[in-house]
Amino acid sequence: MDRRRIDAFCIVRSYPASCAPFNVAAGNSSGYNYASGRLDHQTYFKSIRVEQAQLESVVLDRVLAAWFDEAVLIPGLLPADAGPIAQWPHQWFWDGHEHVDPAKEASAQATRLANLTTTLAHEYARQGRDWEEALRQRAKEFSLMQELGLTPAAVPPTNDDIEEDEDGEEANEDAPARAA
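Following the numbering used here, the numbering of the sequence shown begins with 2 at its first residue and continues without gaps.
Below, the structure is given as structure tokens:
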């Protein structure tokens, strides 16, 4: 291989490092062990959150303020007692990042909620969702389920709950489902 091709290869390979860890930028963690690949992804996602916070204060809040300045000029668009934009509570929602092991993350989330080390607002925000909107939707769903005489689905069985016979087949296929 000639020197120019090697130099070009090195440039192409090193360019993504300025944006993200190489395995994240390349979309390939095959040369990494699980912990190293996961650590690279975690630090990358944290850097994204830092950039998002900066975008919120430098760009989005300014755009909102400019919109508000224009909106107050349109009669009836905003309530008369709206007050200055600085007094309006607001937050920006970004897409969340899926966990590698959703069951493990759900268990950790349930633990955090149970021991009051997190809030619904924080947990929904991590998924890029509005907690109030989600709870209103759940209330509608529960109301409709009640109206239709349905009950919420039982918790799905874990692998420990499924009995297998000698051939590795699930036993008691005709047995009634257990209620949670």
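Here a beta-carbon is modelled for each residue, glycine too, at the ideal position from N, C-alpha and C. Predicted, not measured: the structure shown is a model, and the values here were computed from it.
If I follow the unbroken alpha helix (DSSP H) through Y33, where does it start and stop? Numbered from its first residue, the sequence shown carries residue 33 at position 32. Following the DSSP letters along the chain, one finds Y33 in no alpha helix (DSSP H), marked with neither H nor E.
Please state if the CB of Q53 and the CB of W95 are separated by a distance shorter than 8 Å. The residue you call residue 95 lines up with position 94 of the sequence shown. The residue you call residue 53 lines up with position 52 of the sequence shown. Yes, the pair counts as a contact, with Cβ atoms nearer than the cut-off.
Residue range of the unbroken alpha helix (DSSP H) whose run includes W68: Sequence index remark: in the sequence shown, residue 68 carries index 67 (1-based). D62 to A72 is the span of the alpha helix (DSSP H), which, as asked, contains W68.
Go to V112, then tell me how far its alpha helix (DSSP H) extends in each direction, as first and last residue. For this step, residue 112 is matched to residue 111 along the sequence shown. Before going further, note that residue 112 is Thr rather than Val in the sequence given. Unbroken alpha helix (DSSP H) run through T112: P103 to A115.
Per-residue burial, P22 [other beta carbons within 10 Å of its own, 16 or more giving buried]: Locating residue 22 in the sequence shown gives position 21, counting from the first residue. Result: buried.
Secondary structure of D168, DSSP reduced to three states: Taking the first residue of the sequence shown as 1, we reach residue 168 at position 167. Residue confidence for D168 is low, a pLDDT of 46 falling below 50, so the modelled location carries little weight and cannot support an answer.
Relative to the C-alpha of W132, which candidate in W93, E106, E99 and M146 has its C-alpha closest? Within the sequence shown, the letter at position 131 stands for residue 132. The option with the nearest alpha carbon to W132 is W93.
What is the rounded straight-line gap between the Cα of A83 and the Cα of L56? Position 82 of the sequence shown, counted from the start, is the residue given in the question as residue 83. Position 55 of the sequence shown, counted from the start, is the residue given in the question as residue 56. So the alpha carbons of these two residues sit roughly 25 Å apart.
Under the assumption that H100 contacts E106 (Cβ atoms under 8 Å), give the Cβ distance between them as a whole number of angstroms. What you label residue 100 is simply residue 99 of the sequence shown in a count that begins at 1. What you label residue 106 is simply residue 105 of the sequence shown in a count that begins at 1. The pair is a contact, with the Cβ atoms about 4 Å apart (cut-off 8 Å).
Could you give the distance in angstroms between the alpha-carbon of T118 and the alpha-carbon of R6? For the purposes of this step, residue 118 is identified with residue 117 of the sequence shown, where counting begins at 1. For the purposes of this step, residue 6 is identified with residue 5 of the sequence shown, where counting begins at 1. In this structure, the alpha-carbon of T118 lies about 53 Å from that of R6.
Inter-residue spacing [alpha-carbon to alpha-carbon] between R130 and Q138: The residue labelled residue 130 in the question sits at position 129 within the sequence shown. The residue labelled residue 138 in the question sits at position 137 within the sequence shown. Between the alpha carbons of R130 and Q138 lies a gap of roughly 12 Å.
Leaving aside the five residues before and after A81 along the sequence, list all residues of the same chain whose C-beta is less than 6 Å from its C-beta, in chain order. If you number the sequence shown from 1, residue 81 lands on position 80. Close CB contacts of A81 within its chain, under the 6 Å cut and outside five residues either way in sequence, are absent.
Determine the DSSP secondary structure at R130, reduced to helix, strand or coil. Translated into the one-based positions of the sequence shown, residue 130 becomes position 129. In the structure shown, R130 sits in coil (DSSP, three-state: anything other than H, G, I, E or B).
Inter-residue Cα distance where the pair is L78 and V64: Numbered from its first residue, the sequence shown carries residue 78 at position 77. Numbered from its first residue, the sequence shown carries residue 64 at position 63. The straight-line gap separating the alpha-carbon atoms of L78 and V64 is approximately 18 Å.
Determine whether the beta carbon atoms of L136 and E124 lie at a separation below 8 Å. Locating residue 136 in the sequence shown gives position 135, counting from the first residue. Locating residue 124 in the sequence shown gives position 123, counting from the first residue. Going by C-beta atoms, L136 is not nearer than 8 Å to E124.
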